[in-house]
Amino acid sequence: AALTTAENYVGNIARSVERKCPGAQVGPVRSLALAGRPPVRVTIDCPVLAETGKRETFVLEATAGTFDMLVKQVAFRGPHTPADMAWASRFLDALTYCAGGTTLGACTREPAPQRKLAAPTAL
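In this note's numbering, the protein residues as written are 316 to 438.
Pasting the structure below:
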């Protein structure tokens with residue numbers, strides 16, 4: 316069987332949310348660049364998620380590996396601001412996947428001291 320692409324994976328997630336959440340809005344799928352692999356990122360907003368009765372918005376990024384799909388996500392339950400969405404994008408940008416023994420880029424650095432990203436603004 317053929318492996319799925321990141322675009323197909325994100326499309327499947329988006330269709331699933333649209334079925335479970337009437338009125339869901341799926342943003343454009345953005346192609347990015349990551350160490351020779353083409354990840355994609357999408358924002359999906361559900362006005363009222365049936366399971367919680369609350370608004371849920373999430374930013375999902377998927378990267379197809381050789382035999383797997385690497386996924387990272389930030390979700391907001393309830394209201395959020397444009398600053399929250401900018402924080403989500405910065406947070407996802409800051410996450411790095413490193414395979415054991417990797418000798419490229421951020422994976423070769425000494426572990427950085429723990430630092431906190433500024434948390435989203437509470438409403």
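Beta carbons: idealized from backbone N, C-alpha and C, even for Gly.
The model shown is predicted, which means the values in this text are computed figures rather than measured ones.
Asked	Found
Leaving aside the five residues before and after S404 along the sequence, list all residues of the same chain whose C-beta is less than 7 Å from its C-beta, in chain order.	V374
Tell me, please, which residues DSSP counts as bridged to M400.	Answer by DSSP bridge pairing: none, since M400 is not bridged.
In terms of residues, what are the limits of the beta strand (DSSP E) holding A491?	Look at the range of the chain in this structure, 316 to 438, and you will see that residue 491 is not part of it.
From A427 to W402, what does the alpha carbon distance come to, in whole angstroms?	With a pLDDT of 49 at A427, under the threshold of 50, the predicted position of this residue should be treated as unreliable, though the coordinate-derived value follows. When rounded, the distance between both Cα atoms is 20 Å.
Identify whether F406 lies in helix, strand or coil by the three-state DSSP scheme.	helix
Taking the Cβ atom as the reference point for each residue, do A379 and I359 lie within a distance shorter than 8 Å?	no
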